[in-house]
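Asks:
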Amino acid sequence: MKIVPIQDVKTRWNSTFLMLRRAKRLRAIFSLFCAEYDCEEMLLSEQEWRQIDYLLYITEPFFDYTSQLPKTRDVTAHYVFKIYNKLFDHLEQSQAQLRRKRVPWKKQMLEALEAGRSKLDEYYSQADDIRGNLYAISTMLAPVNKFKFFLSSDWDQKWRDICRLAFKQALCKKVRVLILNIYRHLTTTRQIGKICIIFAIN
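What follows is the structure in structure tokens.
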């Protein structure tokens, strides 16, 4: 199969990661091409290749998650908070490492990471605004998570209370709807006289 460079496209997810990963794979070919056509000035320096390595390290988790989720046919809403937490941890650890550096390109990389963290915060706040705390409820309904997911250090007591209340309200609403549906079914099938149902709807 013929392997060619990939062009970065601003409006396409992961295109920067894919372009850089392919460039790494074709590094030796680039060197041969530039030598043959007398354009060595277009070759990247060792430092520039190190920058590419670091960019790949930063963007790989984003590539992994955005590639894996669309492949499954299962419900994925309960993964949202877990993925956000992992991405935040990844960026924060990378920022902490770069704050100790004095090399100019690493300081520029730190500024870019800070901007990326702000953008991730913006997207995360939109997830919080989803009606009825859908993602929080989905997280607690997942058997692998339950409410213990929110007991980690990533969540303070305020958010635990919000999530617990949202789940309780959603559960009560579903139970009320279920009871009403049962009542209507019994009424229409004339079995209401055989069964006594006592319930209160606030």
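Here the sequence shown stands for residues -14 to 187, numbered as in our numbering.
Ideal Cβ placement from N, Cα and C applies to all residues, glycine included.
#1: Could you have a look at I182 and say whether DSSP puts it in helix, strand or coil?
#2: Taking Cβ positions, are L72 and L83 nearer each other than 9 Å?
#3: How close, in whole Å, do the beta carbons of A127 and H63 come, if the pair is a contact with beta carbons under 8 Å?
#4: Can you name the start and end residues of the alpha helix (DSSP H) that C24 belongs to?
#5: Give the straight-line distance between the Cα atoms of D146 and D(-7), rounded to the nearest whole angstrom.
#6: Is I122 buried or exposed, if buried means 16 or more other CB atoms sit within 10 Å of its CB?
#7: How is N(-1) classed by DSSP in three states: helix, strand or coil?
#8: Do A8 and F18 have their C-beta atoms closer together than 9 Å?
Replies: A quick look at the data gives this:
#1: Caution applies to I182, whose pLDDT of 46 falls short of 50 and renders its modelled position unreliable; the value that the coordinates give is listed next. If DSSP states are grouped into helix, strand and coil, I182 belongs with coil.
#2: no
#3: 4 Å
#4: Segment: none, C24 is in no alpha helix (DSSP H) and carries neither H nor E.
#5: Taking the straight line joining both Cα atoms gives about 44 Å.
#6: buried
#7: coil
#8: no
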